[in-house]
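**Student:**
Numbering (my numbering), first residue to last: 86 to 342.
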């Protein structure tokens with residue numbers, strides 16, 4: 086699982102999780118979390134941010150129902166700061182989510198092994214059951230690349246040619262405008278990791294359902310949380326099952342959905 090921010094004018098701090106669960110700095114000159122974007126000089130609707138989720142931990146505060154704000158002055162939008170509720174926030178302190186654009190249309194890339202497709206759908210249903218509503222519309226796609234690059238579609242990829250850090254188990258990217266997510270792509274590192282459904286064959290195998298449940302949390306806009314019992318915990322150790330939402334997860338989800 087991996088999360089990092091990349092902004093148009095300025096980069097933000099990123100950390101990555103190693104196989105042993107350690108947090109190591111990945112890039113210098115990047116500011117951690119959702120701090121102000123230095124050099125930002127446009128209106129909110131012109132702000133197009135690219136988010137790649139990296140291993141970050143944050144303190145979660147109380148929740149309130151999310152709102153959708155339109156374009157406005159920086160002064161107006163700055164007054165709309167919200168409690169984070171475990172969500173990524175934009176530079177004005179607004180939570181990032183899909184708002185009313187539901188269900189999220191996502192496709193399963195052709196390179197995802199067919200025996201794992203049911204795991205993907207089951208992981209999505211975990212969040213839908215908690216929300217009491219349809220959050221995802223997942224279909225199969227036969228003609229699509231697996232690189233997870235921005236293409237206006239929301240994809241789930243299985244990458245056996247992983248070129249990023251071999252310590253990253255998966256990566257979810259988000260694109261948003263204002264406080265509304267416009268695209269999300271989930272990519273699993275199938276080059277350096279093995280996965281299991283029920284029982285691991287090797288001690289290094291990862292529980293796929295737990296990993297995908299976590300990544301769907303990122304798709305919804307949730308970030309890592311290391312102070313509470315949660316499926317959004319930054320570290321998934323080999324052989325560990327963590328695919329049941331906790332009260333903290335359910336409370337966070339209801340802030341936006």
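For every residue, glycine included, the Cβ atom is placed at its ideal position computed from N, Cα and C.
1) What is the rounded straight-line gap between the Cα of residue 179 and the Cα of residue 292?
2) Tell me, please, which residues DSSP counts as bridged to residue 280.
3) Return the Cβ separation of residue 219 and residue 213 in integer angstroms, given the expectation that the two are a contact with Cβ distance under 8 Å.
4) Can you list, in chain order, the residues of its chain whose CB lies under 7 Å from that of residue 277, leaving out five sequence neighbours each side?
5) Let me check understanding here. Comparing Cα to Cα, which of 205, 334, 323 lies closest to residue 286?
6) Excluding the 5 residues preceding and the 5 following residue 327 in the sequence, name in chain order all residues of the same chain whose CB lies nearer than 6 Å to its CB.
7) Cα-Cα, which of 198, 211, 265 is closest to residue 242?
8) Just to confirm the assignment, what range does the beta strand (DSSP E) spanning residue 337 have?
9) Alpha carbon to alpha carbon, how far is residue 280 from residue 290?
10) Hey, quick one: how far does the alpha helix (DSSP H) through residue 214 stretch, first residue to last?
11) Among 318, 275, 340, which one has its Cα closest to the Cα of residue 245?
**Tutor:** Looking at the atomic coordinates:
1) 33 Å
2) Per DSSP, 291.
3) 6 Å
4) 247, 251
5) 323
6) Listed in chain order, the non-local C-beta contacts of residue 327 below 6 Å within the same chain comprise 295, 316, local neighbours out to five positions each way being set aside.
7) 198
8) No beta strand (DSSP E) contains residue 337, which is instead part of the alpha helix (DSSP H) from 332–338.
9) Cα to Cα, residue 280 sits roughly 5 Å from residue 290.
10) Under the DSSP assignment, residue 214 falls in the alpha helix (DSSP H) whose first and last residues are 202–216.
11) Taking only the C-alpha atoms, the option nearest residue 245 is 275.
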